[in-house]
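Undergrad: In this text, residue positions in the sequence shown follow this note's numbering: the first is 10, and each later residue adds one.
Glycine included, C-beta positions come from ideal geometry on N, C-alpha and C.
Just so we're clear, the structure is a prediction, and the values are computed from it rather than from any experiment.
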Amino acid sequence: MNDLKAELERLAGSPGPPPAVDVAAAVVAGRRIRLMRRARRAAAVVVAAGAAAAVAVVAVLPSSHEERPDKVVEPPAYPSPLVEEAAFGWLPAGYARTRVTRESGRNPTYEVHAGRGPGGAPIALTVMPPGKRPGIPLLPGARKGRLTKAAPVNGRPAYWSIKPGGPGSEQVAAEFRWEYRPESWALLSVNDRAVADAATVHRVAAGVKFGGNEPVAFPMRVSGIPDGLKVTQTWVGTRPEAMIALGTSRGDDQLTVMLSASRPQARKNFKPNTTIDGHPAFDTRLPHPGPRTGKASNRQTLWVFGVDGFDVNIVAAGEPLRRLQASGGVTGLFRRITPLGTDPAEWTTTPLH
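#1: For T257 and T243, what's the separation of their Cα atoms in angstroms?
#2: Check whether the stretch 164–178 touches the stretch 93–103, counting contact only when three or more Cβ pairs, one atom from each stretch, lie closer than 8 Å.
#3: Mind listing, in chain order, the continuous beta strand (DSSP E) runs of no fewer than 3 residues lying wholly within the stretch 159–199?
#4: Using the C-alpha atoms, what's the distance from A205 back to Q180?
#5: Once the 5 residues before and after T265 are set aside, which same chain residues still bring their CB inside 6 Å of it?
#6: For L238 and P329, I'd like the C-alpha separation in whole angstroms.
#7: Please go through the same chain and pick out, in chain order, the residues whose beta-carbon is closer than 6 Å to the beta-carbon of V210, but skip the five residues on each side of it.
#8: Mind checking E355: buried by the 16 CB within 10 Å criterion, or exposed?
#9: Indicate whether the contact test is met: 3 or more Cβ pairs, each with one atom in the stretch 117–130 and one in the stretch 143–163, closer than 8 Å.
#10: Measure the CB-CB distance between P228 and P88 and report whether it falls below 8 Å.
#11: From which residue to which residue does the beta strand (DSSP E) around T209 run?
#12: Three-state secondary structure (DSSP) at K239?
#13: For Q309, write down the residues that DSSP places opposite it in a beta bridge.
#14: Check whether the stretch 268–281 and the stretch 306–322 are in contact - that is, three or more C-beta pairs closer than 8 Å.
#15: Taking the C-alpha atoms as reference points, what is the distance between A52 and G126?
#16: On a Cα-Cα basis, can you pick out the residue from A95, W312 and V339 that is closest to A290?
#17: So which of V213, N222 and M252 has the shortest CA-CA distance to V231?
#18: According to DSSP, simplified to helix, strand and coil, what is G246?
#19: Tell me the residue span of the beta strand (DSSP E) that contains V339.
#20: When the distance is taken between beta carbons, is P143 closer than 8 Å to W194?
#21: Give a yes or no on whether the C-beta atoms belonging to D236 and A326 are separated by under 8 Å.
#22: Are the beta-carbon atoms belonging to E223 and E93 less than 8 Å from one another?
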């Protein structure tokens, strides 16, 4: 399931060094470096399982447009799943926020990304949970990295884990961390060499504002979420795009709903094998040669293409999949998803109902 969440995210801103690497925090750092590496490549389409599917059998499900209300909105079943915990102040010319991410669990993190266009993420801010320090990334050749003391940020201790032009800068141009309040750390990763100089990185860090409580708006509304699920991960991007993952206390129980701007490449990777409400769709419960996503009885993936200019992806596994059966299954949930367009003024801060 961690692999799935990592792929979804592709769719789509102290007195001295710690004596040892925090293993849990190092996992966060590793995930961040993988993200920055992907950002250097030509970004593309979200691929949930990473394999292309070919058409085997094409089935047609009956149209149910009347089951997709556009105006009737139920009271929210969940509070806003994403709150702005930190925000960039100053950014280099041409840069703007492109994505906000929140991940819960044993090591919750909040991330803000910035780029020069929708979907870009060469600048990433990670806010660690109180008491957790960012891990120190390994250098090429699996060599151990180290911290270098930097000028304080707003009077607080700061360090380079990857100094511009120094060891490790070939994988991430610059990586900088600072203790913005006692026992609270933030990490800034910069992968655009044009802005990865010490003065620019320090200025970006100094301008970050912490402690906000503004809810983040989503470009979709989802009704009929099964009871008893907890939001585990969510992100919103300016492409526009959004993802909400929910689960139970069991790690293999997951319900993921994702909305992204329609792209032809998605249909090439997941060739439609059915039609839902007039939209081409890919359903792993129907015959297909791949991608394989586990036993059909335990997991289902559904892609529906071209829904008001968006592609909708739902992945359900374990207990959430079982609970959905009473309300039409994964297809029934799709019919309760309402895209809210490309204008952020029309989006909602309470997407789950």
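TA: The short version:
#1: For the purposes of this step, residue 257 is identified with residue 248 of the sequence shown, where counting begins at 1. For the purposes of this step, residue 243 is identified with residue 234 of the sequence shown, where counting begins at 1. For T257 and T243, the distance between alpha carbons rounds to 15 Å.
#2: As far as the Cβ criterion goes, the stretch 164–178 does not touch the stretch 93–103, which means the pair count is below three.
#3: DSSP runs (the beta strand (DSSP E)) wholly in the stretch 159–199: 167–171, 183–190 and 193–199.
#4: Here residue 180 refers to the residue found at position 171 of the sequence shown. Here residue 205 refers to the residue found at position 196 of the sequence shown. Cα to Cα, Q180 sits roughly 13 Å from A205.
#5: As a first step, residue 265 must be located in the sequence shown, where it is residue number 256. Answer for T265: A254 and V324, listed in chain order.
#6: For this step, residue 238 is matched to residue 229 along the sequence shown. For this step, residue 329 is matched to residue 320 along the sequence shown. So the two alpha carbons sit approximately 8 Å from each other.
#7: Working through the sequence shown from its first residue, we reach residue 210 at position 201. So the qualifying residues of the chain are A183, F185 and V199.
#8: Your numbering for residue 355 matches position 346 in the sequence shown. E355 comes out exposed.
#9: As far as the Cβ criterion goes, the stretch 117–130 does not touch the stretch 143–163, which means the pair count is below three.
#10: For the purposes of this step, residue 228 is taken as residue 219 along the sequence shown, with counting starting at 1. For the purposes of this step, residue 88 is taken as residue 79 along the sequence shown, with counting starting at 1. Cβ distance not < 8 Å, so P228 and P88 don't count as in contact.
#11: Taking the first residue of the sequence shown as position 1, residue 209 is located at position 200. Not the beta strand (DSSP E): T209 falls in the alpha helix (DSSP H), residues A207 to G216.
#12: Position 230 of the sequence shown, counted from the first residue, corresponds to residue 239. In this structure, K239 counts as strand in the three-state DSSP scheme.
#13: To locate residue 309, count along the sequence shown from 1; it is residue 300. Its beta-bridge partners are A325.
#14: A contact exists between the stretch 268–281 and the stretch 306–322.
#15: Along the sequence shown, read from residue 1 onward, the residue named residue 52 stands at position 43. Along the sequence shown, read from residue 1 onward, the residue named residue 126 stands at position 117. Reliability fails at A52, whose pLDDT of 38 lies under 50, so the model's placement of it is uncertain and the value that follows must be treated cautiously. C-alpha of A52 to C-alpha of G126: approximately 12 Å in a straight line.
#16: Translated into positions along the sequence shown, residue 290 becomes position 281. Ranking the options by Cα distance to A290, first place goes to W312.
#17: By one-based count along the sequence shown, residue 231 stands at place 222. Closest option to V231, judged by alpha-carbon separation, among V213, N222 and M252: M252.
#18: For the purposes of this step, residue 246 is taken as residue 237 along the sequence shown, with counting starting at 1. Three-state result, G246: strand.
#19: Taking the sequence shown and counting its residues from 1, one reaches residue 339 at position 330. No beta strand (DSSP E) holds V339; the alpha helix (DSSP H) holding it covers G338 to F343.
#20: Here residue 194 refers to the residue found at position 185 when the sequence shown is read from its first residue. Here residue 143 refers to the residue found at position 134 when the sequence shown is read from its first residue. Yes.
#21: Translated into the one-based positions of the sequence shown, residue 236 becomes position 227. Translated into the one-based positions of the sequence shown, residue 326 becomes position 317. No.
#22: By one-based count along the sequence shown, residue 223 stands at place 214. By one-based count along the sequence shown, residue 93 stands at place 84. Between E223 and E93, the CB-CB gap stays under 8 Å.
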